[in-house]
Amino acid sequence: GENVEQHPSTLSVQEGDSAVIKCTYSDSASNYFPWYKQELGKRPQLIIDIRSNVGEKKDQRIAVTLNKTAKHFSLHITETQPEDSAVYFCAPRVIGGGGADGLTFGKGTHLIIQP
Amino acid sequence: GAGVSQSPSNKVTEKGKDVELRCDPISGHTALYWYRQRLGQGLEFLIYFQGNSAPDKSGLPSDRFSAERTGESVSTLTIQRTQQEDSAVYLCASSPGRGGPYNEQFFGPGTRLTVL
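Line by line, the protein sequences give chains H and D. Residues 1 to 115 in my numbering are what the first sequence lists, from first letter to last. Residues 116 to 231 in my numbering are what the second sequence lists, from first letter to last.
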């Protein structure tokens, strides 16, 4: 199965600064790279995803970059705001490979936005 | 439209009892997933249903855990002879299907299971 690691496990930044969370994976066949956000006591929600034919995707203050050669992808949040405080999970997957899709989530990164 | 729903929202049980957790996916979603999330921890994959294919049970931690799905609708996760280490939030998610742009998982609110 897929080995997934997230770094850092906890990240504290000043409001307005940028935050970057990195996800490394082991399965070179992975072709779908989502990031989920889970606020305290709530369910995880997809915030951005990227497919292996794209190197970068941006949506307002958030972006995801992919390095398939090095097998890692990163979540970038600019101009951080208090509502960005949450736990972020990556979940790289092999989609459409014919077998069971990998379903391994990273252990999460707790992002804390300091006022 | 309605999202993924789960019931009960909370379940307290005694060690050794069996429990059933229910998940109603978004209508039309062919894929359904179950996860376990212990307090302060990440999402642990349990089982995955995709259409009429055989389910991927590779994440079930022991034979006390089982799950069924009726067609492409409701799913039930059953834990037999519950243990204290089963205490966690059990999350269900559904997605429209396999491949293409339909990979986003929509999560339910979870069932918080406490085994005394």
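Even glycine gets a Cβ: it sits at the ideal position worked out from N, Cα and C. Please read all numbers here as calculations on a predicted model, not as lab measurements.
Secondary structure of residue i, DSSP reduced to three states
i      : result
P34/H  : strand
D84/H  : helix
Q198/D : coil
A29/H  : coil
T65/H  : strand
I95/H  : coil
E126/H : The structure shown does not extend to residue 126/H, since chain H is modelled only from 1 to 115, so the question has no answer here.
Q14/H  : strand
R137/D : strand
V127/D : strand
S122/D : strand
E79/H  : coil
R43/H  : coil
E56/H  : strand
V230/D : strand
A182/D : strand
V189/D : coil
E51/H  : Per the sequence shown, the amino acid found at residue 51/H is Arg instead of Glu. Here R51/H sits in strand by DSSP.
L111/H : strand
For residue j and residue i, the rounded distance between their alpha carbons
i      : j      : result
Q45/H  : A208/D : 10 Å
Q165/D : S18/H  : 38 Å
S210/D : L147/D : 7 Å
S12/H  : C23/H  : 17 Å
C90/H  : A29/H  : 16 Å
I140/H : A63/H  : The shown model of chain H, from 1 to 115, leaves out residue 140/H, and the question about it has no answer.
S168/D : G131/D : 32 Å
G155/D : G143/D : 32 Å
T65/H  : I21/H  : 11 Å
A117/D : G212/D : 18 Å
G225/D : K42/H  : 9 Å
K68/H  : Q121/D : 37 Å
H72/H  : N31/H  : 12 Å
G223/D : A70/H  : 34 Å
K172/D : L206/D : 16 Å
V189/D : L158/D : 21 Å
E79/H  : C138/D : 37 Å
P8/H   : N125/D : 32 Å
Cut-off 6 Å between Cβ atoms - residues of its own chain near residue i, not counting five sequence neighbours on either side
i      : result
T193/D : E135, S181
P82/H  : I113
N3/H   : S26
T10/H  : H110
Y36/H  : P44, L46, F89
Cutoff 8 Å; reference residue i; Cβ partners in own chain excluding five residues on either side
i      : result
T128/D : V134, T197, L228, T229, V230, L231
P170/D : I162, Y163, F164, A182, R184
A100/H : In this prediction, A100/H scores a pLDDT of 49, lower than 50, which makes its location untrustworthy; the coordinate-derived value is nonetheless stated afterwards. Correct list: empty, nothing qualifies.
E56/H  : I50, A63, V64, T65, L66
F105/H : V4, Y36, F89, C90, A91
Cβ shell of residue i (< 7 Å), same chain only, five flanking positions each side left out
i      : result
G186/D : none
R203/D : First, the residue type needs correcting, since residue 203/D is Ala and not Arg in the sequence shown. Closer than 7 Å at Cβ, skipping near neighbours: R151, Q152, R153, L228.
- Listed from N- to C-terminal order along the chain, which residues in the region 139 to 150 of chain D have their beta-carbon within a distance smaller than 7 Å of any beta-carbon of chain H? So the close ones are Y148.
- Task: Scan the region 78 to 95 of chain H for residues whose Cβ lies nearer than 9 Å to a Cβ of chain D and list them as they occur along the chain.
- Result: V87, F89, A91, R93, I95
- When you check each C-beta in the region 179 to 208 of chain D against every C-beta of chain H, which residues fall closer than 9 Å? L206, A208
- Message: Under 9 Å, CB to CB, which of the residues in the region 25 to 49 of chain H have a partner in chain D?
- Response: Y32, P34, Y36, Q38, K42, R43, P44, Q45, L46, D49
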